[in-house]
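Student: Sending over a structure as structure tokens; questions will come in a sec.
2 protein chains.
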Amino acid sequence: MRLSKLFLPITKDLPSDATIKSHQLMLRTGMIKQSAAGIYSWLPLGFKVMKKIEQIVREEQNKIGAQELLMPTIQSAEIWKESGRYDDYGEEMLRIKDRQGREILYGPTNEELITDIFRSSIKSYKSLPQILYHIQWKFRDEIRPRFGVMRCREFYMKDAYSFDVDDESAKLSYNKMFYAYLKTFKRLGLEAIPMAADTGPIGGDLSHEFVILAETGESKIFADKSILKIKLDKYNEDKSSLEKMRNEFSEIYAVTDEKFSKKEFDKKVKKDNQMITKGIEVGHIFYFSDKYSKPLNCFVDTKDGKKTSIKMGSYGIGVSRLVAAIIEAKFLNNKMKWPKSVSPFDVVIIPNFNKNNTENLKKAEKVYEELKKQNIDALLDDTDESMSSKFTKHELIGIPNQIIIGSKSTSDKFEYKNDKDVSSIISLEEIKSKLI
Amino acid sequence: MRLSKLFLPITKDLPSDATIKSHQLMLRTGMIKQSAAGIYSWLPLGFKVMKKIEQIVREEQNKIGAQELLMPTIQSAEIWKESGRYDDYGEEMLRIKDRQGREILYGPTNEELITDIFRSSIKSYKSLPQILYHIQWKFRDEIRPRFGVMRCREFYMKDAYSFDVDDESAKLSYNKMFYAYLKTFKRLGLEAIPMAADTGPIGGDLSHEFVILAETGESKIFADKSILKIKLDKYNEDKSSLEKMRNEFSEIYAVTDEKFSKKEFDKKVKKDNQMITKGIEVGHIFYFSDKYSKPLNCFVDTKDGKKTSIKMGSYGIGVSRLVAAIIEAKFLNNKMKWPKSVSPFDVVIIPNFNKNNTENLKKAEKVYEELKKQNIDALLDDTDESMSSKFTKHELIGIPNQIIIGSKSTSDKFEYKNDKDVSSIISLEEIKSKLI
């Protein structure tokens, strides 16, 4: 893509409510545009990042055998009355009356709807276990939406739901998801810590939240550093392996401020290993057994001919929120660096040229065409700004690799800056091999 | 995927309102499940087909240089009041009040919102032309939702919007989209006819609808057969080529019943070439110049320093509707055949086995694993039903290629049935080469 053609409305005027760096950066680089309070349009740059995150989330869900479907955004109030949550949910639920006067709502979550789908379809233990998920927009009518897409009203989430015949099998599903989450965040270039959590309005008796480390995060975190060193690679999807993994994580101290006790911290964690930092919640998993299946009459026949309520868990990842969370974690010293796996482009080509001398632009165009042939998604900065203003701009856009075509480049070698800001003068072939 | 694991709730009990074949088939094969009046969940089989359609639509939009973004489902009423359509739109618009009492709505279309995004970003003719699109859920509160996903309330659409400095350039954008639409429908395995259309509530002075041929379609079509023989390959994206293409289509008679005149039909079309059939509208494109940009103050500076209103067009494809439309076109003699490009699986493996003899199942599993290695997306029917009931089921599911492992197969050759129902006994290598 040529930058001159890209719909990228870079802006310098920030609204006064843009107080955190992800909100500011997303507005400045034209990733999003607010269209109403807590409601955003995703412009091409932001959209590309979000789609890449979505795809990684999807792939890791598929790997553990979860199946994708899609529930609608608008739900009938009926099933919420059946579960008893219609009155409980409060004003965050966007309640609507349609033209026939029927009560409907914009789904803030999907436990009821997925249970309704499941109860009418699955009758026997033979069809279990199952994990179903979808990636869909949700709405919560926050009284004070803020922090851009971090706490907005319309947001994009992956919700998964597991269905098992008994608690033991349900725990395996839970552990699989736990594992998939850690792998997902790793692929997103994030350091995520799973923390035992309260279950809140979802209910149930087992829950973890996944918090990524970011200096500007909303929750304070107290943890033993060694939790970041657990090697995920040594585990696999086998039941016993997953149990060992869960145990390894559980044994290491890591809590948010709600559960913090200085005494316990000092007792359990050596001074050198004590980490006090901040984090952002990007995922939350729950096991709530038959909290929804019972009131909603979701039963299966067991092996010995009896009926049992299905044991369920639910598992969320905030996809749109992750875009902001990654910025909070990766925007340092006024410079953004997208992890390669979610960068909007693989590389940016920055030629030094002006109206009177477009030689470097021509070189850049050749490089651009060559990369295109290899399916390398390059952004060509063909604007006639000065190099210094281009560099400043790209420090915000945050594409991790740069090809700079200026005084340091020769006829067949170019300056290449990698994601660690290490510069080298190398041939196009070498650059390609680094990018593929 | 193993069929025993696939979440595919096949049902025989059809609701009385399922009167058309696509609605019936989608319910019977567990592609969708109704969750409220005119609101559906997309189960894994239906979801896969819809996603494949979406991806083809996306690729053809990208090929003409359109850029993808994503607007939210919930919009503020304000911009609709600015354009003057808030009162005009009537009860199909789902109007909502949020907890603060602000008027919001579930977007039935996006002309206002995209104009709002554009006006605040683009100030100069230099940034034009642009085509932006998104693929998003919309809601229209139909008084009588019916025909399954064909006329439902929450539906998935691709909307594109073009922005040009003058009418001539805008016409080129229109023609590009016209071309992209024909290519899209061709890739979907459909015969689509573009027809000059009225502009309706969107407004404007140039409009085409794209109708695909299906015996059970809602609109009656009168056309010269030769319109189906126009070769798209001879055209390209150049301005003059696109104009020639538009002319070739315009010169051939093709109208819906609204515009039909028997006299004209007989005069313009030779008896042998007269085609009277039915069709389903799957796309609609509009050029409405500055109908929205003027009231919404969307202006750019021109080359000679003046201001001009941006000339806009809008271009829709019903993505969720296409799933049903393809069924209406391809479900014949009680048999479904998905076009390869959108089939939920590339091939289905059907072994003949029972509890006492699972030899063929084992063979099938080997074949399945081999295909998986080649990234061929196979469905393995590992259920213990009889072969005749399996065949009946797969005639509905509609995967166009089958590998049948039964009496006709030898140790290293298998019965392979292609999408034309032609059967041959060939090796796995030969099968692979046909599927890749």
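As you go down the protein sequences, you meet chains A and B in turn. In terms of the working numbering, the first sequence opens at residue 1 and continues consecutively. In terms of the working numbering, the second sequence opens at residue 437 and continues consecutively. In this text, a Cβ means the ideal position worked out from N, Cα and C, and glycines have one as well.
With H, G and I counted as helix, E and B as strand and the rest as coil, what does DSSP make of G919/B?
Tutor: The structure shown does not extend to residue 919/B, since chain B is modelled only from 437 through 872, so no value can be given for it.
Student: Does the distance from the CB of K714/B to the CB of K656/B come in under 7 Å?
Tutor: In the second sequence, the residue the question calls residue 714/B occupies position 278. In the second sequence, the residue the question calls residue 656/B occupies position 220. Yes.
Student: What residue range is occupied by the uninterrupted beta strand (DSSP E) comprising A36/A?
Tutor: Position 36 of the first sequence, counted from the first residue, corresponds to residue 36/A. That run of the beta strand (DSSP E) goes I32 to A36.
Student: Figure out for me which residue from R187/A, G84/A, R99/A and E82/A has the closest Cα to the Cα of G526/B.
Tutor: Counted from its first residue, the second sequence places residue 526/B at position 90. Minimum Cα distance to G526/B is reached at R99/A.
Student: Taking its Cβ as the centre, do 16 or more other Cβ atoms sit within 10 Å of Q810/B, making it buried, or is it exposed?
Tutor: Position 374 of the second sequence, counting from 1, holds the residue named residue 810/B. The residue in question, Q810/B, is exposed, as its Cβ has fewer than 16 Cβ neighbours within 10 Å.
Student: Touch check for the segment 348 to 364 of chain A and the segment 375 to 394 of chain A: three-plus C-beta pairs under 8 Å?
Tutor: Counting Cβ pairs under 8 Å, three or more are found: they touch.
Student: How is the beta strand (DSSP E) around R531/B delimited, first residue to last?
Tutor: The residue you call residue 531/B lines up with position 95 of the second sequence. Its beta strand (DSSP E) spans residues L530 to K533.
Student: At 7 Å on the CB atoms, spell out the chain A contacts of I540/B, in chain order.
Tutor: For the purposes of this step, residue 540/B is identified with residue 104 of the second sequence, where counting begins at 1. Those within 7 Å of I540/B in chain A are A36.
Student: Thinking C-alpha only, which one of F658/B, I663/B, L678/B and S676/B is nearest D693/B?
Tutor: Residue 693/B sits at position 257 when you count from the first residue of the second sequence. Out of F658/B, I663/B, L678/B and S676/B, F658/B has the C-alpha closest to the C-alpha of D693/B.
Student: From the beta carbon of D817/B, is the nearest beta carbon of chain A less than 7 Å away?
Tutor: Indexing the second sequence from 1 puts residue 817/B at position 381. No, no contact with chain A.
Student: Looking at M312/A and F147/A, is the spacing between their C-beta atoms short of 7 Å?
Tutor: Residue 147/A sits at position 147 when you count from the first residue of the first sequence. Residue 312/A sits at position 312 when you count from the first residue of the first sequence. The answer is no: Cβ separation not under 7 Å.
Student: Residue range of the alpha helix (DSSP H) that S262/A falls in?
Tutor: Counted from its first residue, the first sequence places residue 262/A at position 262. Going by the sequence as given, residue 262/A is Lys instead of Ser. Per DSSP, K262/A belongs to the alpha helix (DSSP H) from K262 to K268.
Student: According to DSSP, simplified to helix, strand and coil, what is M462/B?
Tutor: Taking the second sequence and counting its residues from 1, one reaches residue 462/B at position 26. In the three-state reduction of the DSSP assignment, M462/B falls in the helix class, which pools H, G and I.
Student: State the start and end residues of the unbroken alpha helix (DSSP H) segment that holds T383/A.
Tutor: Counting from one through the first sequence, the residue named residue 383/A turns up at place 383. First-last for T383/A: undefined, no H or E at that position.
Student: Check the Cβ of P445/B against every Cβ in chain A and list those closer than 7 Å, keeping chain order.
Tutor: Counting from 1 along the second sequence, the entry for residue 445/B is found at position 9. Correct list: S121.
Student: Do K771/B and P836/B have their CB atoms nearer than 7 Å?
Tutor: As a first step, residue 771/B is located in the second sequence; it is residue number 335 there, counting from the start. As a first step, residue 836/B is located in the second sequence; it is residue number 400 there, counting from the start. Cβ distance not < 7 Å, so K771/B and P836/B don't count as in contact.
Student: Where Y161/A and K171/A are concerned, what is the direct C-alpha to C-alpha distance, given to the nearest angstrom?
Tutor: Against the first sequence, residue 161/A aligns to sequence position 161. Against the first sequence, residue 171/A aligns to sequence position 171. Answer to the nearest angstrom: the Cα atoms are 13 Å apart.
Student: For chain B, find out if any of its Cβ atoms is closer than 7 Å to the Cβ of M275/A; answer yes or no.
Tutor: Within the first sequence, the letter at position 275 stands for residue 275/A. Chain B, which has no Cβ nearer than 7 Å to the Cβ of M275/A, makes this no.
Student: Threshold first: 4 residues or longer. Then list the alpha helix (DSSP H) segments lying entirely within the segment 198 to 261 of chain A, N to C.
Tutor: DSSP runs (the alpha helix (DSSP H)) wholly in the segment 198 to 261 of chain A: 239 to 250.
Student: Take I532/B as the anchor and find which of D577/B, E604/B and A632/B has the nearest alpha-carbon.
Tutor: Within the second sequence, the letter at position 96 stands for residue 532/B. Among D577/B, E604/B and A632/B, the Cα nearest to that of I532/B is on D577/B.
Student: Nearest-angstrom Cα distance between Q511/B and F591/B?
Tutor: Here residue 511/B corresponds to residue number 75 of the second sequence, with the count starting at 1. Here residue 591/B corresponds to residue number 155 of the second sequence, with the count starting at 1. Cα-Cα distance, rounded: 16 Å.
Student: Name the chain A residues that come within less than 9 Å of Q511/B, Cβ to Cβ?
Tutor: On the second sequence, residue 511/B is found 75 positions in, with the first residue counted as 1. Result: S35, A36 and I39.
Student: Would you say M586/B and K574/B are within 7 Å of each other, going by their C-beta atoms?
Tutor: Here residue 586/B refers to the residue found at position 150 of the second sequence. Here residue 574/B refers to the residue found at position 138 of the second sequence. Cβ distance not < 7 Å, so M586/B and K574/B don't count as in contact.
Student: Just list the alpha helix (DSSP H) runs in the segment 772 to 813 of chain B, keeping only unbroken ones of 4 residues or longer that don't cross its boundaries, in chain order.
Tutor: With a minimum length of 4 residues, the continuous alpha helix (DSSP H) runs that stay inside the segment 772 to 813 of chain B are 795 to 809.
Student: Is V501/A helix, strand or coil by DSSP?
Tutor: Since the displayed chain A opens at 1 and closes at 436, residue 501/A lies outside it and no answer follows.
Student: DSSP state of L8/A, grouped into three classes?
Tutor: Within the first sequence, residue 8/A is the residue found at index 8, counting from 1. Here L8/A sits in coil by DSSP.
Student: Please work out which residues of its chain come closer than 6 Å, Cβ to Cβ, to S343/A, disregarding the five sequence neighbours upstream and downstream, and give them in chain order.
Tutor: Mapped onto the first sequence, residue 343/A falls at position 343. Hits under 6 Å: I399 and P400.
Student: Can you check the segment 62 to 133 of chain A for any alpha helix (DSSP H) of at least 4 residues that lies completely inside it and give the ranges in chain order?
Tutor: 77 to 83, 85 to 88 and 111 to 119
Student: Among residues of its own chain, excluding the 5 on either side of D602/B, which ones have a beta-carbon nearer than 8 Å to its beta-carbon?
Tutor: Translated into positions along the second sequence, residue 602/B becomes position 166. So the qualifying residues of the chain are T744 and K747.
Student: How close, in whole Å, do the beta carbons of A650/B and A765/B come, if the pair is a contact with beta carbons under 8 Å?
Tutor: Residue 650/B sits at position 214 when you count from the first residue of the second sequence. Residue 765/B sits at position 329 when you count from the first residue of the second sequence. The Cβ separation is near 4 Å, so the contact holds.
Student: If you measure beta-carbon to beta-carbon, which residues of the segment 524 to 551 of chain B are closer than 7 Å to chain A?
Tutor: E527, L530, I532, D534, R535, I540 and L549
Student: Return the CA-CA distance between D631/B and Y106/A, expressed in angstroms with no decimal places.
Tutor: The residue given as residue 631/B occupies position 195 in the second sequence. The residue given as residue 106/A occupies position 106 in the first sequence. In the sequence on display, residue 631/B carries Met and not Asp. Rounded to whole angstroms, M631/B to Y106/A spans 37 Å at the Cα level.
Student: Since D141/A meets chain B, which of its residues come closer than 7 Å, beta carbon to beta carbon?
Tutor: Numbered from 1 along the first sequence, position 141 holds the residue referred to as residue 141/A. The contacting residues are D534 and R535.
Student: With a threshold of 7 Å between beta carbons, is P630/B in contact with chain A?
Tutor: The residue labelled residue 630/B in the question sits at position 194 within the second sequence. Not an interface residue.
Student: Indicate whether I32/A and Y40/A have their beta-carbon atoms separated by less than 7 Å.
Tutor: For this step, residue 32/A is matched to residue 32 along the first sequence. For this step, residue 40/A is matched to residue 40 along the first sequence. Yes, the Cβ-Cβ distance between I32/A and Y40/A is below 7 Å.
Student: Identify whether D449/B lies in helix, strand or coil by the three-state DSSP scheme.
Tutor: As a position in the second sequence, residue 449/B is number 13, starting the count at 1. Of the three classes helix, strand and coil, the one that applies to D449/B here is coil, per DSSP.
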